[in-house]
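Engineer: Under full-length UniProt numbering, the residue at position 356 of the sequence shown is numbered 356, and the numbers go up by one with no gaps.
Virtual Cβ for every residue (Gly too), placed ideally from N, Cα, C.
What follows is a single structure, and I will ask about it in a moment.
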Amino acid sequence: DEPTNHLDLEACVWLEGYLAKYKKCLILVSHSQDFLNGVCTHIIWLTQGRLTYYTGNYDTFEKTVRDDEIVQQKKYEKEQADIKHLKEFIASCGTYANARKQAESKQKIIDKMVAAGLTPPVVKERTFTFRFPDCAKVPPPVLPFDNVSFAYNGKKENYLYEDLDYGVDCDSRIALVGPNGAGKSTLLKLMTGELTPTKGSVVRHPSLVIGKYHQHSVDVLDKEKTVLQFFMDEYPNNMTFKRDLDEWRGYLGRYGVSGKMQTTLIGELSEGQQSRLVFAMICMGKPNLLLLDEPTNHLDLECIDTLAQAIKQYNGGVVLVSHDFRLIDQVAEQIWVCEDKTVRLWNKDIRAYKKHLTQKAEREAAAKKI
């Protein structure tokens with residue numbers, strides 16, 4: 001059940017390779033499309049209270065569903081057109097005996113169609129869409145690191161990073177990758193000012209507004225309040241900000257939080273639904289730089305695609321830490337590898353980096369056999 005949630009990319013690659021060769025039965029729940037493609041030979045789709053079984057990996061499943069829905073919709077439309085035509089004929093028949101016999105014959109055709117079971121229309125599950133708000137661009141340098149070294153205990157022999165010189169701007173699209181413990185989350189905290197460099201400096205432009213999502217962001221939500229109560233209390237009306245109940249309902253609806261969900265206690269919402277609330281809070285601040293630390297952990301596949309689209313449309317900067325190869329592939333323009341006390345630019349795409357990790361795992365496995 002979501003085995004990749006707290007793994008780094010290297011561990012995801014190893015686990016994918018291991019499970020792909022696993023000889024026994026495996027039932028897997030995952031939001032990682034890349035992982036599902038690499039491991040699964042069959043997909044069971046739970047939708048509208050039904051389980052449907054498909055052969056193939058996730059990409060094959062998606063194509064099959066699309067093709068089936070096209071066929072189903074065409075069949076539905078033809079049946080409905082046939083029924084409409086038959087009913088129009090029946091209605092046009094007068095009271096003449098011969099015409100009534102024809103009408104009865106046509107009605108029997110309709111009755112047989114209904115008894116055999118009519119094809120239902122294709123019903124798409126509701127997916128939410130949202131946008132990060134447009135922001136004012138800040139001229140570079142926005143977030144320069146100057147000769148930065150850092151250790152949690154301040155000792156040089158324990159440096160997690162040493163002599164970093166780089167910068168993040170409002171048009172950056174960066175994915176931070178590297179093994180767990182290399183300091184990816186630490187680097188984000190140095191960017192926000194939550195941590196101070198042991199040596200060197202991190203300068204933040206005075207007009208910089210950072211919006212940060214991390215794995216514990218949902219902890220800021222008051223689980224004893226309803227969604228509407230929480231947002232209206234968190235952002236009270238004042239001289240510069242006013243939003244009435246209907247406006248709040250509309251705002252939250254843009255993040256897939258609508259209807260009864262808005263009057264539900266936050267503690268009763270799923271982790272994915274709570275994550276949407278965090279994104280709604282981040283957008284209230286109108287940031288011009290997003291720092292996203294594992295934003296997909298509690299999102300389903302459709303929500304991850306929605307997040308990717310929102311990032312692509314966003315006109316500010318983005319620094320992303322994620323174990324989701326597909327999300328990185330969709331949004332990152334630069335790959336920064338965090339390891340060996342430094343940050344280096346990976347000059348190829350994330351698919352090439354995955355191949356690099358796969359080959360590394362194979363070499364290590366071969367060395368152990370020797």
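Using the Cα positions of Gly200 and Glu271, report the straight-line distance between them to the nearest angstrom.
Structural biologist: For the purposes of this step, residue 200 is taken as residue 200 along the sequence shown, with counting starting at 1. For the purposes of this step, residue 271 is taken as residue 271 along the sequence shown, with counting starting at 1. Using only the alpha carbons, I get a separation of about 38 Å.
Engineer: Below 8 Å on the Cβ atoms is my guess for Thr213 versus Phe128; work out the distance and round it to an integer in Å.
Structural biologist: As a first step, residue 213 is located in the sequence shown; it is residue number 213 there, counting from the start. As a first step, residue 128 is located in the sequence shown; it is residue number 128 there, counting from the start. In the sequence as displayed, the identity of residue 213 is Tyr instead of Thr. About 16 Å separates the two Cβ atoms, so there is no contact after all.
Engineer: Would you report the Cα separation of Ile27 and Thr342, rounded to the nearest angstrom?
Structural biologist: As a working mapping, residue 27 is identified with position 27 in the sequence shown. As a working mapping, residue 342 is identified with position 342 in the sequence shown. So the alpha carbons of these two residues sit roughly 39 Å apart.
Engineer: What's the gap between the Cα of Pro179 and the Cα of Lys369?
Structural biologist: Within the sequence shown, numbered from 1, the residue matching residue 179 stands at position 179. Within the sequence shown, numbered from 1, the residue matching residue 369 stands at position 369. Their backbone Cα atoms lie some 23 Å apart in a straight line.
Engineer: DSSP state of Gly200, grouped into three classes?
Structural biologist: Taking the first residue of the sequence shown as position 1, residue 200 is located at position 200. In this structure, Gly200 counts as strand in the three-state DSSP scheme.
Engineer: When you compare the CB positions of Leu307 and Pro295, do they come within less than 8 Å of one another, or not?
Structural biologist: The residue given as residue 307 occupies position 307 in the sequence shown. The residue given as residue 295 occupies position 295 in the sequence shown. Result yes, Cβ atoms of Leu307 and Pro295 sit closer than 8 Å.
Engineer: Would the beta-carbon of Pro133 fall within 8 Å of that of Lys286?
Structural biologist: Position 133 of the sequence shown, counting from 1, holds the residue named residue 133. Position 286 of the sequence shown, counting from 1, holds the residue named residue 286. Yes, Cβ-Cβ distance for Pro133 and Lys286 is below 8 Å.
Engineer: Can you check which of these residues, Gln73, Asp34 and Gln48, is closest to Asn57 by C-alpha distance?
Structural biologist: Here residue 57 is taken as the residue at index 57 of the sequence shown, counted from 1. When only C-alpha atoms are compared, the closest one is Asp34.
Engineer: Cβ-heavy atom distance between Leu307 and the ligand ATP below 7 Å?
Structural biologist: Absence of the ligand ATP is noted for the structure shown, with no ligands found whatsoever.
Engineer: Can you tell me whether Ile335 is helix, strand or coil according to DSSP?
Structural biologist: Translated into the one-based positions of the sequence shown, residue 335 becomes position 335. Ile335 falls in the strand class under three-state DSSP.
Engineer: Could one say the Cβ of Glu79 lies closer than 8 Å to chain D's Cβ atoms, at least one of them?
Structural biologist: Absent from the structure: chain D. Only one protein chain is present.
Engineer: Do you know how far the Cα of Asp59 is from the Cα of Thr4?
Structural biologist: Taking the sequence shown and counting its residues from 1, one reaches residue 4 at position 4. Taking the sequence shown and counting its residues from 1, one reaches residue 59 at position 59. The alpha-carbon atoms of Thr4 and Asp59 are separated by roughly 19 Å.
Engineer: Which residues in the same chain as Ser322 place their Cβ atom closer than 8 Å to its Cβ, once the five residues preceding and following it in sequence are excluded?
Structural biologist: Counted from its first residue, the sequence shown places residue 322 at position 322. Hits under 8 Å: Ala175, Leu292, Glu294, Pro295, Thr296 and Ile328.
Engineer: Could you check the C-alpha separation between Lys78 and Val122 for me, to the nearest Å?
Structural biologist: By one-based count along the sequence shown, residue 78 stands at place 78. By one-based count along the sequence shown, residue 122 stands at place 122. Straight-line Cα distance between these residues: approximately 13 Å.
Engineer: Here's the rule: buried if 16 or more other CB atoms are within 10 angstroms of the residue's CB, otherwise exposed. What is Ala352?
Structural biologist: In the sequence shown, the residue the question calls residue 352 occupies position 352. Result: exposed.
Engineer: Can you check which of these residues, Cys12, Leu265, Glu62 and Glu162, is closest to Leu187 by C-alpha distance?
Structural biologist: In the sequence shown, residue 187 corresponds to position 187, counting from 1. Closest option to Leu187, Cα to Cα, is Glu162.
Engineer: Three-state secondary structure (DSSP) at His356?
Structural biologist: As a first step, residue 356 is located in the sequence shown; it is residue number 356 there, counting from the start. Helix.
Engineer: Mind reading off the beta-carbon distance from Pro140 to Val203? Whole number of angstroms is fine, and I expect it under 8 Å.
Structural biologist: Position 140 of the sequence shown, counted from the start, is the residue given in the question as residue 140. Position 203 of the sequence shown, counted from the start, is the residue given in the question as residue 203. Actually they do not touch by this definition, with Cβ atoms about 11 Å apart.
Engineer: Going by the beta-carbon positions, is the gap between Val39 and Leu19 smaller than 8 Å?
Structural biologist: One-based indexing of the sequence shown puts residue 39 at position 39. One-based indexing of the sequence shown puts residue 19 at position 19. Contact flag set, yes.
Engineer: For Arg173, which residues does DSSP report across the bridge?
Structural biologist: Position 173 of the sequence shown holds residue 173. Arg173 is bridged to Val318.
Engineer: Short check: CB of Gln318 to CB of Val337, under 8 Å?
Structural biologist: Position 318 of the sequence shown holds residue 318. Position 337 of the sequence shown holds residue 337. Strictly speaking, residue 318 in this sequence is Val, with Gln absent from that position. Not a contact, by the Cβ cut-off of 8 Å.
Engineer: If we call anything under 8 Å between Cβ atoms a contact, is Gly211 one with Leu290?
Structural biologist: The count along the sequence shown starts at 1 and reaches residue 211 at position 211. The count along the sequence shown starts at 1 and reaches residue 290 at position 290. Going by C-beta atoms, Gly211 is nearer than 8 Å to Leu290.
Engineer: Look at the alpha carbon of Met284 and the alpha carbon of Gln80, and state the distance between them as a whole number of angstroms.
Structural biologist: On the sequence shown, position 284 is the one that residue 284 refers to. On the sequence shown, position 80 is the one that residue 80 refers to. Approximately 47 Å, taken between the alpha carbons.
Engineer: Start and end of the beta strand (DSSP E) containing Glu104?
Structural biologist: Within the sequence shown, residue 104 is the residue found at index 104, counting from 1. Counting along the chain, Glu104 falls outside any beta strand (DSSP E), though it belongs to the alpha helix (DSSP H) covering Ala97 to Ala116.
Engineer: Just reading off the alpha helix (DSSP H) that Ile83 is part of, what are its end residues?
Structural biologist: One-based indexing of the sequence shown puts residue 83 at position 83. First-last of the alpha helix (DSSP H) with Ile83: Tyr58 to Ser92.
Engineer: With C-beta atoms as the reference, is Arg173 less than 8 Å away from Gln309?
Structural biologist: To locate residue 173, count along the sequence shown from 1; it is residue 173. To locate residue 309, count along the sequence shown from 1; it is residue 309. Result no, Cβ atoms of Arg173 and Gln309 do not sit closer than 8 Å.
Engineer: If the criterion is Cβ atoms closer than 8 Å, does the pair Val142 and Leu245 meet it?
Structural biologist: As a working note, residue 142 is residue 142 in the sequence shown. As a working note, residue 245 is residue 245 in the sequence shown. No, the pair does not count as a contact, with Cβ atoms beyond the cut-off.
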